[in-house]
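Report on one structure; see the data block that follows.
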């Protein structure tokens, strides 16, 4: 919820962020956030590099987020890492 609270504070008042979207977009899984502005952003959060490649595949052709990706103009997967954990090598997508 920290990401949501921060986003609502920095986004202009006419731009809304919605958490846990899926039904409106006919997706079989929840997407973490949808930002309803001119860009129609789709945002998926990861924690400490967990399943980065499988989540990338969710946005690829045939993936579970395709209904959302087809509507969005921009999409991002954001990997949030905890300081002090082993330093993971960056994974190239």
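Numbering (this note's numbering), first residue to last: 2 to 94. Where a beta carbon is used, it is the ideal one built from N, C-alpha and C, also for glycine.
Collapsed DSSP secondary structure at residue i in the structure displayed
i: residue 81; result: strand
i: residue 20; result: strand
i: residue 57; result: helix
i: residue 65; result: coil
Contact check, residue i vs residue j, beta carbons under 8 Å
i: residue 47; j: residue 80; result: yes
i: residue 43; j: residue 16; result: no
i: residue 102; j: residue 71; result: With the chain covering 2 to 94 only, the question about residue 102 has no answer from this structure.
Length of the line joining the Cα atoms of residue i and residue j
i: residue 65; j: residue 19; result: 19 Å
i: residue 62; j: residue 55; result: 13 Å
i: residue 8; j: residue 2; result: 10 Å
i: residue 5; j: residue 36; result: 10 Å
i: residue 32; j: residue 85; result: 28 Å
i: residue 10; j: residue 67; result: 29 Å
i: residue 73; j: residue 60; result: 11 Å
i: residue 34; j: residue 45; result: 7 Å
i: residue 57; j: residue 12; result: 26 Å
i: residue 38; j: residue 51; result: 29 Å
Beta-carbon separation (whole angstroms), residue i vs residue j, contact threshold 8 Å
i: residue 83; j: residue 49; result: 6 Å
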